[in-house]
Structure formats: structure tokens, C-alpha cells
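The structure under discussion appears below in the form of C-alpha cells.
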Amino acid sequence: MMEEPLSQGASPSGDSNFSGSGELSSTTIMSIDERMLDVSSRHSLNVLRTPPTKKAKRVRFFRNGDKFYTGIVMAVTPERYRSFDSLATDLTRALISSVTLPNGVRAIYTMDGKKVQSINDLEDGKCYVVSGQGEIFKKWNIHLLK
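Residues in the sequence shown are numbered consecutively from 1, following UniProt numbering.
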């Protein structure tokens with residue numbers, strides 16, 4: 001079975017966008033320009049939709065009631081930790097080698113005992129205390145940290 005060669009003026013799709021001399025017609029050029037414009041506009045929209053990255057908050061976490069533990073510094077960003085539970089899980093993993101937390105990290109407190117409710121409540125450069133389930137906050141002597 002042999003295929004017939006296409007004539008110079010015909011295209012496989014049946015469009016006649018090519019002239020007999022092998023050049024593109026003006027309708028082909030317009031459609032290519034429109035496609036390029038469409039691609040570039042979609043790219044610029046994606047750039048506009050991407051939220052600007054925020055600086056990570058460097059936060060130090062201490063174990064509740066452990067005055068000899070020097071703490072662990074973590075960089076906290078909303079992109080990395082989308083929920084409070086993901087931060088608690090990561091803290092549990094980071095603390096597991098040096099501190100025993102039977103049920104893992106379940107609560108985070110400020111140094112004066114106020115419970116942190118969300119990741120947005122954490123402040124850059126501040127210190128916090130982590131505790132397990134059912135533990136009450138144990139007061140810290142802030143002068144021991146310095």
C-alpha cells in the first residue's frame with residue numbers, strides 16, 4: 001500500500017495555510033500570534049496568583065518544666081506548616097531524640113503561660129514552651145535563659 005505525496009498547496013489537515021511557494025499565509029501567522037499571546041497571558045496570570053513568600057519566623061521551643069534543656073530553634077513558615085498539627089508533629093520528631101514526650105507535642109505556650117492557638121500567633125525571635133497532653137504549664141524563670 002503506497003501513499004500518494006501531498007500536493008504543494010495541500011496540507012494533511014485539509015487547511016490551505018501554506019501558499020504554493022511554501023510560505024505561511026497571513027491567517028497562519030495571526031493564529032500563531034494569538035496562541036503566543038494566550039500562552040504569555042496565562043503565564044503572567046500564574047505569576048500574579050502566586051503569593052509572595054514571607055520570611056520564616058525563627059522560633060525557639062523549650063520542653064515544659066525542663067530547665068536544663070537548651071531548646072530547639074525552628075524556622076516556621078505558613079507554606080511549610082499549613083496547620084497547627086503539622087507543626088506539633090514536626091516538633092515531636094525534632095524533640096524525640098532528646099526529650100521524652102509520651103503523647104508528643106500537644107500544646108505550645110508563650111513564656112508567660114498563654115496558650116498559642118495558631119501558627120500565626122508565633123512571633124519571630126520569641127521563645128515558646130511545648131508540652132504533652134494533659135500537662136499544665138510550669139512557670140519559667142526567664143533569667144535562666146540569658
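Idealized CB from N, CA, C, for every residue including glycine.
Counting the other Cβ atoms within 10 Å of the Cβ of residue 86 gives fewer than 16, which makes it exposed.
Taken through DSSP and simplified to helix, strand or coil, residue 119 comes out as helix. For the pair residue 123 and residue 105, the Cα-to-Cα distance works out to about 19 Å.
No residue range can be given for residue 83, since it is assigned to no alpha helix (DSSP H) and is classified by DSSP as neither H nor E.
Annotated as distal: residue 118 and residue 62, with beta-carbon spacing of 7 Å or more. Looking only at 57, 91, 70 and 135, the smallest Cα-Cα distance to residue 79 is reached by 57. In this structure, the straight-line span from the alpha carbon of residue 138 to that of residue 72 is close to 18 Å.
Counting along the chain, the unbroken beta strand (DSSP E) around residue 58 starts and ends at 57-63. Residue range 107-110 is occupied by the beta strand (DSSP E) that includes residue 108. Residue pairing by DSSP places residue 72 opposite 61 in a beta bridge. Residue 102 has its alpha-carbon roughly 10 Å from the corresponding atom of residue 92. In this structure, 127 is the residue among 113, 115, 114 and 127 with its C-alpha nearest to the C-alpha of residue 59.
When the Cα atoms are used, residue 94 and residue 107 turn out to be separated by approximately 15 Å. In its own chain, leaving out the 5 sequence neighbours on each side, no residue places its CB closer than 6 Å to the CB of residue 114.
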